[in-house]
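Chemist: Residue 91 in numbering that gives the first Met the number 0 sits at position 92 of the sequence shown; the count goes up by one each step and never skips.
Can you keep this structure in mind? I'll have questions shortly.
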Amino acid sequence: MAVRRRRRRDGRHDTDAHFRLRPATAADVDALAAIERTVFSDPWPRSDFRESLASGVLVLVAEAGNEVAGYLVARSAADEGEILNLAVTPTHQRRGVGRALAERALEQLSARGAQAVYLEVRESNVAARRLYEGLGFEPVARRPNYYRHPVEAALILRAANLAGRRGA
Ligand SMILES: CC(C)(COP(=O)(O)OP(=O)(O)OC[C@H]1O[C@@H](n2cnc3c(N)ncnc32)[C@H](O)[C@@H]1OP(=O)(O)O)[C@@H](O)C(=O)NCCC(=O)NCCS
Numbered sequence: 000m001a002v003r004r005r006r007r008r009d010g011r012h013d014t015d016a017h018f019r020l021r022p023a024t025a026a027d028v029d030a031l032a033a034i035e036r037t038v039f040s041d042p043w044p045r046s047d048f049r050e051s052l053a054s055g056v057l058v059l060v061a062e063a064g065n066e067v068a069g070y071l072v073a074r075s076a077a078d079e080g081e082i083l084n085l086a087v088t089p090t091h092q093r094r095g096v097g098r099a100l101a102e103r104a105l106e107q108l109s110a111r112g113a114q115a116v117y118l119e120v121r122e123s124n125v126a127a128r129r130l131y132e133g134l135g136f137e138p139v140a141r142r143p144n145y146y147r148h149p150v151e152a153a154l155i156l157r158a159a160n161l162a163g164r165r166g167a
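Quick look at the structure:
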């Protein structure tokens, strides 16, 4: 699906961003690992992406032209889903890519039977926290000293009642 981002009057999105969402393939692993190293201080190794793809976990890619602009990794078990990873390349940030990936993941996890979706986020990660808050995620727990490089607390966020929210 092609997604067209509307122009905004505040100037933050001064060009329309065209991107499409699709399932990742093994051919994307190098690009995903490269973005991962760019945006995270404690990145997943390539093997984590390879294993995610091999194990049938949901791995979505946002593609802009021939370039991978972002990705999301999520899984579900019974009636719970979990977003494991989400990143957008710095050059494509603030253009709706992250929100589109997360919205698509919520739809797909809901379609697989998830009633609630969980994720972990660094307490200081304002960008991600705002994105998730806008999608209805709320904090349900805090884990001190959870992350390394640097050591920091994790907030556990949950979005509940997915089916109800989709119909709203
Ligand atoms: C967090 C991240 C995925 C957001 O992706 P993005 O494509 O830039 O986000 P979007 O353009 O879809 O923004 C959606 C909303 O998130 C919030 N947001 C995004 N970036 C923000 C920033 N830098 N500061 C404050 N709020 C921000 C805003 O509420 C935004 O809505 P708005 O543009 O209407 O104000 C991206 O910044 C990123 O890859 N960061 C590094 C990796 C990371 O932290 N991943 C999340 C781990 S849990």
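Just so it is clear, CB atoms sit at the ideal spot from N, CA and C, and this is done for glycine as well.
Note that this is a predicted model, so its numbers are computed, not measured.
1. State the start and end residues of the unbroken alpha helix (DSSP H) segment that holds Glu50.
2. Bridge partners for Ser75 per DSSP, in chain order?
3. When the distance is taken between beta carbons, is Glu137 closer than 9 angstroms to Leu161?
4. Using only the alpha-carbon positions, how far apart do Glu119 and Gly97 sit?
5. Just to confirm the assignment: which complete beta strand (DSSP E) runs, minimum length 3, are found wholly within the segment 100-141?
6. Give the straight-line distance between the Cα atoms of Val38 and Ser109, rounded to the nearest whole angstrom.
7. Look at the Cβ atom of Leu134, then the Cβ atom of Ala101, and state whether they are nearer than 9 angstroms.
8. Any idea if Arg21 is buried or exposed, counting beta-carbon neighbours within 10 angstroms, 16 or more meaning buried?
9. Within the present structure, is the beta-carbon of His148 separated from the nearest heavy atom of ligand 1 by less than 8 angstroms?
10. For Val38, name the three-state secondary structure that DSSP assigns.
11. Just verifying my parser: in three-state terms, what is the DSSP assignment at Pro149?
12. With a CB to CB cut of under 8 angstroms and the five nearest residues on each side skipped, what residues in its chain are close to Tyr145?
Modeler: Quick answer:
1. Arg45 to Ala53
2. Gly80
3. no
4. 16 angstroms
5. 115-121
6. 28 angstroms
7. yes
8. exposed
9. no
10. helix
11. coil
12. Glu119, Glu151, Ala152 and Ala153
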